[in-house]
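As given, the protein sequences belong to chains E and L, one line each in that order.
Take 2 as the starting number for the first sequence in my numbering and just add one per residue.
Take 11 as the starting number for the second sequence in my numbering and just add one per residue.
Backbone N, C-alpha and C fix where the C-beta goes; we use that ideal spot for every residue, glycine too.
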Amino acid sequence: MPRIIDQADGRDWRGAAVPLAVLAVWWIVTTLGWVNTRLIVPPLGVLKTAASVLTQADFYRGVLASLVRDLSGFAIGAIAGIAVGALMGVSRWSNRVIGPTFHTLRQISLFAWLPLLSSWLDTGDRSKIVFIALSAFYPVVLGAFEGVRGVSRAQAEVARIYVFTRRQTLLRLILPAAAPQILTGLRLGLIYAWIATIGSEFLLANYGDGLGNIVFKGRANFNIELIIAGMLVIGLIGYAFNRLADLLEARSLRWRKA
Amino acid sequence: MAHAGTLDIRHLSKQYAVKGETLPVLDDISLSIEPGEFVSIVGTSGCGKSTLLRLVIGLEGDYQGEILLDGQRIVGTSLDRGIVFQEHRLFPWLTAEQNIALGLLNAPGTEVSKRKAVQEHIELVGLKGFEKAFPHQLSGGMSQRVAIARALVNRPEVLLLDEPFGALDAMTRTYLQGELERIWQAEGITAILVTHDVEEAVVLGDRVIVMEPRPGRIKRIVDVPLARSRDRSAADFVSIKDDVMKEFGHSVSPPSKGVLQPPRARSRQPQLLAANFAR
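What follows is the structure, encoded as structure tokens:
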């Protein structure tokens, strides 16, 4: 899958053009009073709110709680996803058995699971983590399945010629050969998990800790500045995850042609 | 130096089932190969020469007759038989030396002795300095050298070569033919080369087996009693080459619908991975 690769040092500032333009328009329309500034609050207000939020321990507790939830759910979903996807890819029989169920369940909107999850597991961390795991699970299964199924016959024969054991076949042929697609699945899973983390904090709200809860409180108090500041933090953390995934992918797929 | 194996093929026949019909691929092949001998097999596509190698390496089974290595019937794949295909089949995520080390993964020996064997074989195929290169950084000819080193590193008794230079340019091919001869002499191994290049067959073979298609049979065996390294323009070389060519002139028929190819076209085969797990 060809992707546009950043310049080697990653210092391509063209990506900053759109945010800067939005910021400029935002600043102009609020300063000149062209819009209702109670709804579209001035950027400076957001900045002030953000600055004051950043000094509060509550905020960091919230970010930490969200990150722990996100990564716990992602880890569970990713491990289960690789296992199920690889199994479906290796064995035609298990694909026949599991495949139809998987592809049907996949059609259920993730958010449609929430009533059931909250009924079974209440609205605490358990139901949130299960929801996040489920969100990460689907793309990882699909990536692992595609990757494993794409192992070439020629390479499989090499494994037979050198009398690989099952374990060797899995660890030295199937997983490395499937790594590009598995990593694509993991990257998507990481994004979905983060979206699900914030979503679960809105929809399984129990006024505990979490970035989503902070934004939610902003809504309750009609504090638009806090809502936007929270959204920016959510977006920046998601962006950081994506960059991290980029780095890991580039590192582990060094063997591929640029 | 490796122990060179004696390969005995007796009344070997093989059929494929295609759409409920049985198509004979090999018909009553008998061939005895001496330890350390270099045998070339030539034939047009569809003569079953690649299938013959796939049976000897153990990737295909389900045949009639016997394939004996040092008197023992072969069962499946084994480290006592190495093979080089037309495509190098290196794992792209491994470096040259890691690919070669795959050949030793299930061989006896300590880590130290294995590392030494890998290094020796890198030098044997003339790739010193390219140990850490990934396959995409190597040329076709260099990749094929890595594949040869991988096949030889565990000291097999027989080396099978399935059109190993077929995908290379003419100059690289000629050069690697010379390299292969040198390596074969250095290792003292029994070698079987399948090719459709008559000159290559005569340059390298102690004997040239000419096969004819539909079903695959041995048409003639031509001895090549020439000293090595052979001069491709010498009169006796040219006359042997012409002799083999002559066999071809008659058996080359226009390709028909019934051309037999091993069923290798499908690239994605989950059941094939299942075969990897079925041992």
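Cutoff 8 Å: residue i Cβ touching any chain E Cβ
{"i": "I84/L", "result": "no"}
{"i": "I231/L", "result": "no"}
{"i": "E97/L", "result": "yes"}
{"i": "I110/L", "result": "no"}
{"i": "I67/L", "result": "yes"}
{"i": "I193/L", "result": "no"}
{"i": "T16/L", "result": "no"}
{"i": "K59/L", "result": "no"}
{"i": "G113/L", "result": "yes"}
{"i": "F101/L", "result": "yes"}
{"i": "I93/L", "result": "yes"}
{"i": "S88/L", "result": "yes"}
{"i": "F144/L", "result": "yes"}
Environment of residue i [buried if 16+ CB atoms lie within 10 Å]
{"i": "K124/L", "result": "buried"}
{"i": "P265/L", "result": "Residue placement at P265/L is flagged as unreliable, the pLDDT there being 47, under the threshold of 50; the coordinate-derived value follows with that caveat. It is exposed - the Cβ of P265/L has fewer than 16 other Cβ atoms within 10 Å."}
{"i": "E121/L", "result": "exposed"}
{"i": "P140/E", "result": "buried"}
{"i": "F60/E", "result": "buried"}
{"i": "D13/E", "result": "exposed"}
{"i": "N109/L", "result": "buried"}
{"i": "P118/L", "result": "exposed"}
{"i": "L45/E", "result": "exposed"}
{"i": "T87/L", "result": "buried"}
{"i": "N37/E", "result": "exposed"}
Run of the beta strand (DSSP E) containing residue i, from where it starts to where it stops
{"i": "E31/L", "result": "31-43"}
{"i": "I41/E", "result": "First-last for I41/E: undefined, no H or E at that position."}
{"i": "R20/L", "result": "17-28"}
{"i": "L55/E", "result": "That residue, L55/E, is in no beta strand (DSSP E); it is neither H nor E in DSSP."}
{"i": "L78/L", "result": "74-79"}
Residue range of the unbroken alpha helix (DSSP H) whose run includes residue i
{"i": "T32/E", "result": "18-32"}
{"i": "K124/L", "result": "121-134"}
{"i": "E202/E", "result": "176-204"}
{"i": "V141/E", "result": "126-150"}
{"i": "A241/E", "result": "225-253"}
{"i": "W94/E", "result": "93-106"}
{"i": "I158/L", "result": "150-162"}
{"i": "G259/L", "result": "245-261"}
{"i": "V159/E", "result": "154-162"}
{"i": "I215/E", "result": "212-221"}
{"i": "A111/L", "result": "106-112"}
{"i": "K59/L", "result": "59-67"}
{"i": "S55/L", "result": "From DSSP, S55/L is part of no alpha helix (DSSP H); its letter is neither H nor E."}
{"i": "S120/E", "result": "115-122"}
Closer than 8 Å to chain L by CB, residue i
{"i": "V23/E", "result": "no"}
{"i": "E158/E", "result": "yes"}
{"i": "A134/E", "result": "no"}
{"i": "I83/E", "result": "no"}
{"i": "R168/E", "result": "no"}
{"i": "A18/E", "result": "no"}
{"i": "A155/E", "result": "yes"}
{"i": "V142/E", "result": "no"}
{"i": "I183/E", "result": "no"}
{"i": "Y163/E", "result": "yes"}
{"i": "W1/E", "result": "Given a span of 2 to 259 for chain E in the structure shown, any question on residue 1/E remains unanswerable."}
{"i": "W114/E", "result": "no"}
{"i": "W256/E", "result": "yes"}
{"i": "M2/E", "result": "Per-residue confidence for M2/E stands at a pLDDT of 43, beneath the threshold of 50, marking its modelled position as unreliable; no derived number is given."}
Contact set for residue i: own chain, Cβ-Cβ below 7 Å, skip 5 residues either direction
{"i": "V220/L", "result": "V52, G53, K229, R230, V232, V254, E257"}
{"i": "D126/E", "result": "R70"}
{"i": "F203/E", "result": "G213, F217"}
{"i": "P20/E", "result": "none"}
{"i": "E47/L", "result": "T200, D216"}
{"i": "A157/L", "result": "V94, H98, R99, L100"}
Residues bridged to residue i [DSSP beta-bridge criterion]
{"i": "F48/L", "result": "A201/L"}
{"i": "I93/L", "result": "L170/L"}
{"i": "R227/L", "result": "E222/L"}
{"i": "D233/L", "result": "R217/L"}
{"i": "Q82/L", "result": "L79/L"}
Same chain only: Cβ atoms within 6 Å of residue i, ignoring 5 sequence neighbours per side
{"i": "S136/E", "result": "L111, Y193, A194, A197"}
{"i": "P102/L", "result": "P145"}
{"i": "R176/L", "result": "The sequence given here has Gly at residue 176/L, not Arg. Q96."}
{"i": "S261/L", "result": "Here S261/L scores only 44 on pLDDT, less than 50, and its place in the model should not be relied on; the value that follows carries that caveat. Excluding sequence neighbours, S261/L sits near E222."}
{"i": "G148/E", "result": "A179, Q182, I183"}
Residues of its chain near residue i, where Cβ-Cβ distance is below 8 Å and the 5 sequence neighbours each way are ignored
{"i": "D90/L", "result": "G15, L79, P166, E167, V168"}
Residue i at chain B interface by Cβ criterion, 8 Å
{"i": "A179/E", "result": "Absent here is chain B; the protein component of the structure consists of chains E and L."}
Distance cut-off 7 Å: residue i Cβ against heavy atoms of the ligand GDP
{"i": "V36/E", "result": "Annotation note on the ligand GDP: not contained in the displayed structure, which lists no ligands."}
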